[in-house]
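Novice:
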Amino acid sequence: MPELPEVETVKRGLVKLILYKKFIQAEVRESKSVMGDFKGLIGAELVGLRRFGKALVMDFNNDWSLMIHLRMTGQLIWQGEERFAAGHPTEDFVREMPSRHTRVILEFDGGKLYFNDQRKFGFCKVLRTVEVGEDGFIKKLAKEPWGMEVKEFWEKLQRRKNSVIKAALLDQTVIAGLGNIYTDETLFDAGVDPRRRAGKVTRQEAEKILEGARKVMQRAIDAGGSTMATYVRADGTKGSYLEEFAQVFQREGQACFRCGTEIKKNRVAGRGTYFCPRCQK
DNA sequence: CTAGGATCCTGTCAGC
DNA sequence: TGCTGACAGGATCCTA
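Everything in the first sequence is counted per the numbering used here, starting at 12 for the first residue and increasing by one.
(1) Cutting at 8 Å between CB atoms, please list the residues of its own chain near glycine 147, excluding the five before and the five after it.
(2) Tell me whether the beta-carbon of glycine 121 lies closer than 8 Å to the beta-carbon of glycine 91.
(3) What did DSSP end up calling threonine 272 once you bin it into helix, strand or coil?
(4) From Ile232, Tyr31, Val259, Leu60, pick the residue whose C-alpha is nearest to that of valine 143; which is it?
(5) Measure the CB-CB distance between valine 21 and leucine 77 and report whether it falls below 8 Å.
(6) Among all the DSSP beta bridges, which residues are the ones paired with isoleucine 192?
(7) According to DSSP, which residues form a beta bridge with lysine 136?
(8) Would you call valine 58 buried or exposed, if buried means 16 or more other Cβ atoms sit within 10 Å of its Cβ?
(9) Would you decide whether glutamine 291 is buried or exposed? Buried here means 16 or more other CB atoms lie within 10 Å of its CB.
(10) If you reduce the DSSP assignment to three classes, tell me which class glutamine 258 lands in.
(11) Ordered along the chain, which non-local residues of its own chain (more than five positions away) have a Cβ less than 6 Å from that of alanine 151?
(12) With glycine 85 and aspartate 128 assumed to form a contact (beta carbons below 8 Å), what rounded beta-carbon distance in angstroms separates them?
(13) Do glutamate 196 and valine 259 have their CB atoms nearer than 8 Å?
(14) On the DSSP letters alone, give me the boundaries of the beta strand (DSSP E) that lysine 123 sits inside.
(15) Quick one: residues in its chain with C-beta nearer than 6 Å to the C-beta of methionine 83, no 5 flanking neighbours on either side, listed in chain order?
(16) With DSSP as the reference, label arginine 40 as helix, strand or coil.
(17) What is the rounded straight-line gap between the Cα of glutamate 7 and the Cα of methionine 46?
(18) Using 8 Å for Cβ pairs, my map puts methionine 228 next to glycine 202. What's the rounded Cβ distance?
(19) Pair every Cβ in the stretch 171-183 with every Cβ in the stretch 204-211, then say whether three or more of these pairs are closer than 8 Å.
(20) Let me know if tyrosine 31 comes out buried or exposed under the rule of 16 or more other beta-carbons within 10 Å of its beta-carbon.
(21) Is alanine 234 closer than 8 Å to phenylalanine 7 when the C-beta atoms are compared?
(22) Which of the three DSSP states, helix, strand or coil, is assigned to lysine 33?
(23) Taking all protein chains shown into account, do 16 or more other C-beta atoms lie within 10 angstroms of the C-beta of tryptophan 157, making it buried, or fewer, making it exposed?
(24) Taking just the CA atoms, how far does leucine 138 sit from threonine 113?
(25) Shortest alpha-carbon distance to arginine 171 belongs to which of Arg111, Val212, Ala266?
(26) Look up proline 288 in the DSSP assignment and say whether it is helix, strand or coil.
(27) Give the single residue among Ala66, Arg111, Lys33 whose Cα lies nearest to the Cα of alanine 55.
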C-alpha cells in the first residue's frame with residue numbers, strides 16, 4: 012500500500028517504538044532486498060527517522076543510515092513487548108514472524124523489526140548519512156504537496172504536457188508521495204478526469220489538484236494510527252481503512268457519493284484507474 | 001528531453 | 001482440479 016500516508020504511519024509508529032534503541036544485527040534472508048552492508052550499523056543507536064516521499068530513512072549516531080523503500084508490497088512489523096505493523100496490509104500483519112515473505116530481520120535492543128516484501132520490489136539500503144541526499148531516488152524527488160506552490164506545480168505539469176494527468180501525478184519528480192490510490196482520490200476531489208492531458212489542465216484546476224492531494228493524504232495520515240490499532244486488536248479481521256475514506260478507488264460499479272453515477276474503471280497510464288464520469292471533467 | 005511499454009517478482013483470482 | 005492469463009497501492013530501464 013505504501014504511498015506517502017502509509018510510510019508516514021510507519022515512521023510515526025517507529026518513532027514511538029524504536030527511536031533511541033541500539034541496533035544489534037541484521038539477518039538477511041533475501042540478498043536481492045539489500046544494498047550495502049549492515050556491518051556499519053552494528054552497535055549504533057537509532058537517533059532519527061526521516062521520510063522523503065515514499066522513502067523512509069533511519070539515521071544512526073555513527074553517521075550511517077538505513078534507507079527503506081517498500082515499493083508495492085513492502086511492510087514493516089515491529090515485535091518487541093508491543094507489536095506494530097504497517098505498510099502493505101496482508102495477513103502477515105497478524106501472523107507469527109518471520110513469515111515466508113520476511114526478507115530482512117533487523118534486531119534491536121528490545122525487539123525485532125521485520126522487513127517483509129512479497130514481490131521483492133522494495134529494498135533496504137545502508138549508506139552514509141551524508142550520502143542520503145545523493146541517492147538517485149531522493150535526489151530527483153519533487154516537493155510534497157504541502158511544500159509546493161501552484162506556480163511550480165503548474166510548470167512541472169507543462170514539462171509533461173503530453174502525458175495524461177494521472178501519469179504526471181504518479182511521477183515522483185513532478186510531485187512526491189502520490190501513488191495509484193491517492194492519485195485517483197485526488198483527481199476525484201479536484202473534479203478532473205484522469206485521462207486529460209497534463210498540458211490542458213488549467214491553472215485553477217492545478218490548484219484544486221494540489222489542495223486535493225493535501226486533503227486526501229492528510230486524512231489518511233490522521234486515520235493511520237487508529238487503523239493500525241484496529242488491525243492489531245482484531246483477531247484476524249481484515250478491515251481496510253480504504254473502506255473508510257475511498258471515494259472512487261476500488262468502487263467500480265458503485266454509486267458516486269457525490270452524484271450517484273456509477274464509478275468507472277479504466278486503464279490509464281498503465282494502471283487500473285477509478286473515476287466518476289460525471290464529477291470529473 | 002519526453003512518452004509509453006516492458007520489466008523486476010510473487011500471489012490471487014476469473015475463466016476455461 | 002489444473003492450467004492460463006490478467007492484474008496488482010512502485011519505480012526504473014529501454015526504445016522511439
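All C-beta atoms in this analysis are idealised placements derived from N, C-alpha and C, irrespective of residue type, glycine included. This one's a predicted model, so the numbers in the text were calculated from it and none came from an experiment.
Specialist: Quick answer:
(1) none
(2) yes
(3) coil
(4) Leu60
(5) no
(6) Its beta-bridge partners do not exist; DSSP assigns none.
(7) Met46, Met78
(8) exposed
(9) buried
(10) coil
(11) Before going on, a small fix: residue 151 reads as lysine here, not alanine. These residues qualify, in order along the chain: Thr184.
(12) 4 Å
(13) yes
(14) 122-128
(15) Arg130, Phe132
(16) coil
(17) It is not possible to answer for residue 7, since the shown part of the chain is limited to 12 through 292.
(18) The pair is not a contact, with the Cβ atoms about 18 Å apart (cut-off 8 Å).
(19) yes
(20) exposed
(21) Because the chain spans 12 through 292 in this model, residue 7 falls outside it and cannot be assessed.
(22) strand
(23) exposed
(24) 22 Å
(25) Val212
(26) coil
(27) Lys33
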